[in-house]
Each structure stands twice: as C-alpha cells, then as structure tokens.
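Asks: Submitted below is the structure of interest, expressed as structure tokens.
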C-alpha cells in the first residue's frame, strides 16, 4: 500500500513523457518564445520524464530520479507561466492554467518524499 503513491508518480511522469511525442504540437505551443530549439526541448523533456519516471521504480535510482523530477519541474515552470499568460490556450479554462502553477509545488513536494 505504501508503494502506491510511488507507482502513481512514476506512471504520471512516464505518461507525461510519452505525451511529448504523441501530442508534440501542444508542447511546442507551450514553449516560451525566448527558449531556443523548441522541438528539441520538447523531445529532451519528454525523454527525461520517461527515464525519471522509470527511475523512481528502482531503489538504486529512486532518489536520483526524484531529484531529477524536482529539477525538471523547476525547469518547465516558465512554460507553465507562458501557458497561463500567452492567450494561446483558449480551449483550456483560464483558472485551470493558473491552478497548474501552485500544483507544480505540490508535485515538487511529492517528488521530495522519494529523495531518501
């Protein structure tokens, strides 16, 4: 029972990483203009999410993967701000775009639980 949150987080990041490839245009649109090489960044972040999600599942790599997830969440935070402020995501309710920002902190805290 205590492993369920770990499996949920791992699955969440693997699924999110796969989404970078199946919904690449969505992630490209979320990239702030000042970030270079949008397509490469989307691919790299997708691969990172998949690897880090899988890494959570193994005791040998769990802490490193959790720290990687924390760093990744910090790194993608500007894209979440851009999504909330750009006006490009009219199909997503504005309140939901803004809610994602503090949810990043929840995800960081959740990942931190697996750093020991």
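Residue numbers (my numbering): 1353 to 1468.
Ideal Cβ placement from N, Cα and C applies to all residues, glycine included.
Under a three-way DSSP split, which group does residue 1383 fall into?
Replies: It is coil, neither helix nor strand.
Asks: Which class does residue 1412 belong to by DSSP, given the choice of helix, strand or coil?
Replies: Coil at residue 1412, not helix or strand.
Asks: If you drop the 5 nearest sequence neighbours on each side, which residues of the same chain put their C-beta closer than 8 angstroms to that of residue 1394?
Replies: Taken in chain order, the residues that qualify are 1372, 1376, 1379, 1380 and 1383.
Asks: When the Cα of residue 1428 is compared with those of 1354, 1401, 1466 and 1357, which residue comes out closest?
Replies: Taking only the C-alpha atoms, the option nearest residue 1428 is 1401.
Asks: Please state whether DSSP places residue 1439 in a helix, a strand or coil.
Replies: Residue state, collapsed to three classes: coil.
Asks: By how many angstroms is the C-alpha of residue 1421 removed from the C-alpha of residue 1447?
Replies: Taking the straight line from one Cα to the other gives about 25 angstroms.
Asks: Look at residue 1464 and residue 1418 and say whether their C-beta atoms are less than 8 angstroms apart.
Replies: Cβ atoms of residue 1464 and residue 1418: closer than 8 angstroms.
Asks: How many whole angstroms separate the CB atoms of residue 1405 and residue 1466, which I take to be in contact at a CB cut-off of 8 angstroms?
Replies: With 8 angstroms as the limit, residue 1405 and residue 1466 do not qualify as a contact, their Cβ atoms being about 11 angstroms apart.
Asks: Take the Cβ of residue 1407 as the centre, count every other Cβ of all protein chains shown within 10 Å, and call the residue buried at 16 or more, exposed below.
Replies: It is buried - the Cβ of residue 1407 has at least 16 other Cβ atoms within 10 Å.
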